[in-house]
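Have a look at the structure below before the remarks.
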Amino acid sequence: MRILVLGGDGYLGWPTALHLSARGHDVGLVDNFARRGYDSELGATSLVPIATLGERLAAWHRESGRLVVPYIGDLCDPAFTHDVVATFAPDAIVHFAEQRSAPYSMIDQAHAVYTQTNNVVGTLNVLYAIAEVNPGIHLVKLGSMGEYGTPDIDIEEGWLEVTHNGRTDRMLYPKRPGSFYHLSKVHDSHNIEFACRAWGLAATDLNQGIVYGQETDETRLHPDLATRFDYDAVFGTVLNRLVVQAVSDHPLTVYGSGRQTRGLLDIRDTVECIRIACEHPASPGEFRVFNQFTEEFTVRAIAEKIRDAAGGDVTIATVDNPRVEADAHYYHAAHSGLVELGLEPHLLSDTLVDSLLAIARQHRDNADPSLFDPSVRWRATSSPVGPNAVELVA
Ligand code: NAD
Ligand code: USQ
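Structure representation (structure tokens):
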């Protein structure tokens, strides 16, 4: 297949592009380097050094003999997006290219507006490009388990059969997300479902849980193929962050009681889920939803596993929760669709010591401890420009 990976320079997009290329697909990638720009803005860097996109592509060509074709530009530019889709002529488009940090979206009004504009407008431009160039292109879009929030009923895969006043209908599952970032994903999901209904597009919305890990079969072939390892309080996700804290003798930053439950998955399962979704496309007019995670843990359970695996004197801190989120709640989410299509999950117990902790130890001198503690709060103060503006300017 010809597969275009949007956001192909990012944490997940880069290893996905390599995985699809290694499986014999012809891969193109799109990126505007916004993610590298957030690093400069926030004074943060990946724990594991990452090569430039040019160096990455050259290394992949050397290692595999295969070419991945880069297109540099912004999906919010409709002409660029249309031209890339028309030029590359993909069978499938995998769309990772969004601002993906909940804390970043909650910094202040400007960051909330940027996040929703970048994500919603970029996705709309992709939908229009597909409709105009070739409505047969299968869109594989990265959504988020956080779109659902933590309802007091079972979470289904995207759709819910509702009986109301004696009548029954199949409806999009009601969403109650916890940040302006997660809300951008909800807006995307609605726009994509409408495009499937109105124009007959075929789309798969992957409501992915929190990803951990940094290595795939392809990225470990050469240091220039490495993907990012974020551990800072804005872009680092919980498991990766706590692993770096554990090897840096920093108390593990569990927010609130730590009883928040989340679905998680290994980065090797992310790339494999994308391959499976591409090779088993949705039908024309179908808005297909999979919940993409393999195991559920509370945040405190994650911290305890890391403490026990790391050994030594690792302690678990209780940090005032900077977010507004339920920390004791019901959580039961369906996630059978991808397994039925052949996914064989990796488990955290297989990865934690040999891969994650080993990588974190190898690079621990790169960790900046000033990036461990949370820097963005959800709750508005009396400040007209948002709760975090003063801290960030300082
Ligand atoms: P990332 O920030 O590392 O990668 C996103 C890439 O998209 C970056 O390289 C960025 O420069 C690019 N990009 C952003 N806006 C763009 C635009 N307008 N035009 C062109 N390129 C643009 O993020 P990631 O962790 O790789 O996540 C990828 C996707 O997966 C996101 O949509 C995210 O919401 C979703 N997701 C991530 C996780 C996770 O744990 N990392 C979990 C669930 C879902
Ligand atoms: N948390 C801590 N301590 C920390 C960091 C986080 O206790 O040091 C807690 C948070 O309060 C939250 C949970 O861990 O309850 C998850 O936080 P996170 O930052 O790991 O994940 P989240 O903000 O939900 O976002 C990440 C990705 C996002 C993706 C999402 C999947 O950044 O792109 O959409 O995971 S999901 O969580 O399923 O929505």
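Mapped onto my numbering, the consecutive letters of the sequence shown carry residue numbers 11 to 404.
Every residue, glycine too, gets a C-beta built ideally from N, C-alpha and C.
Checklist entry - Hey, does Ala256 have any beta-carbon neighbour from chain D nearer than 8 Å? => result Although the question refers to chain D, the structure presented lacks it and comprises just one protein chain.
Checklist entry - So Val40 and Gly83 are in contact, right, with Cβ under 8 Å, and what is the actual spacing, rounded? => result Counting from 1 along the sequence shown, the entry for residue 40 is found at position 30. Counting from 1 along the sequence shown, the entry for residue 83 is found at position 73. About 7 Å; that satisfies the 8 Å criterion.
Checklist entry - Thinking C-beta only, is Ala32 closer than 8 Å to Glu289? => result Here the question's residue 289 lines up with position 279 in the sequence shown. Here the question's residue 32 lines up with position 22 in the sequence shown. Contact flag unset, no.
Item to check | Contiguous alpha helix (DSSP H) assignments of at least 4 residues, all confined to the region 63 to 97 | outcome: Uninterrupted alpha helix (DSSP H) stretches at least 4 residues long and entirely within the region 63 to 97 occur at 63 to 74, given in chain order.
Item to check | Any non-hydrogen atom of ligand 2 closer than 7 Å to Gly270 Cβ | outcome: The sequence position of residue 270 within the sequence shown is 260, counting from 1. At residue 270 the sequence reads Gln, which differs from the Gly that was named. Yes, since a heavy atom of ligand 2 falls inside the 7 Å radius drawn around the Cβ of Gln270.
Next on the checklist: With a threshold of 7 Å on Cβ separation, who are the neighbours of Glu166 within its own chain once the five nearest residues in sequence on each side are excluded?
Outcome noted: What you label residue 166 is simply residue 156 of the sequence shown in a count that begins at 1. Contacts found: Tyr183, Ala344.
Item to check | beta strand (DSSP E) segments (min. 3 residues) lying fully within the region 263 to 319 | outcome: Within the region 263 to 319, the beta strand (DSSP E) runs of at least 3 residues that lie entirely inside it are, in chain order, 271 to 276, 297 to 302, 305 to 308.
Checklist entry - In chain order, what residues of the same chain lie with their CB nearer than 8 Å to the CB of Asn201, ignoring the 5 residues before and after it? => result The residue you call residue 201 lines up with position 191 of the sequence shown. The beta carbon of Asn201 lies closer than 8 Å to those of Val130, Thr133, Leu134, Leu137 in the same chain, with the five residues before and after it left out.
Next on the checklist: Applying the 10 Å Cβ sphere with the 16-neighbour rule, what's the burial state of Gln119?
Outcome noted: Within the sequence shown, numbered from 1, the residue matching residue 119 stands at position 109. Counting Cβ neighbours within 10 Å, Gln119 comes out exposed, since fewer than 16 surround it.
Next on the checklist: Extract the residue ranges of the alpha helix (DSSP H) inside the region 188 to 224, only unbroken runs of 4 or more that lie entirely within it.
Outcome noted: 190 to 209
Checklist entry - In its own chain, which residues sit with a C-beta less than 7 Å from the C-beta of Ser56, not counting the 5 before and 5 after it? => result Here the question's residue 56 lines up with position 46 in the sequence shown. Answer for Ser56: Arg238, Phe239, Asp240, listed in chain order.
Next on the checklist: Between Ala112 and ligand 2, is there a pair consisting of the residue's CB and a ligand heavy atom that are separated by less than 7 Å?
Outcome noted: In the sequence shown, counting from the first residue as 1, residue 112 sits at position 102. Flag set: Cβ of Ala112 near ligand 2.
Checklist entry - For Cys206, which option in Asn250, Lys151, Asn217 has the closest C-alpha, if you only look at C-alpha atoms? => result The sequence position of residue 206 within the sequence shown is 196, counting from 1. Taking Cys206 as reference, the option from Asn250, Lys151, Asn217 with the minimal CA-CA separation is Lys151.
Checklist entry - So Asp360 is in the alpha helix (DSSP H); what residue range does that whole segment cover? => result Within the sequence shown, residue 360 is the residue found at index 350, counting from 1. Per DSSP, Asp360 belongs to the alpha helix (DSSP H) from 358 to 361.
Item to check | Residue range of the alpha helix (DSSP H) that includes Arg110 | outcome: For the purposes of this step, residue 110 is identified with residue 100 of the sequence shown, where counting begins at 1. Per DSSP, Arg110 belongs to no alpha helix (DSSP H) and is neither H nor E.
Item to check | Ser154, enclosing beta strand (DSSP E) - first and last residue | outcome: Numbered from 1 along the sequence shown, position 144 holds the residue referred to as residue 154. Per DSSP, Ser154 is one residue of the beta strand (DSSP E) stretching across 148 to 154.
Checklist entry - Looking only at its own chain, which residues have a Cβ that is under 7 Å from the Cβ of His67, when we skip the five neighbours before and after it? => result On the sequence shown, position 57 is the one that residue 67 refers to. Position check: residue 67 holds Leu in this sequence, whereas His was assumed. Here the set comprises Val78, Pro80.
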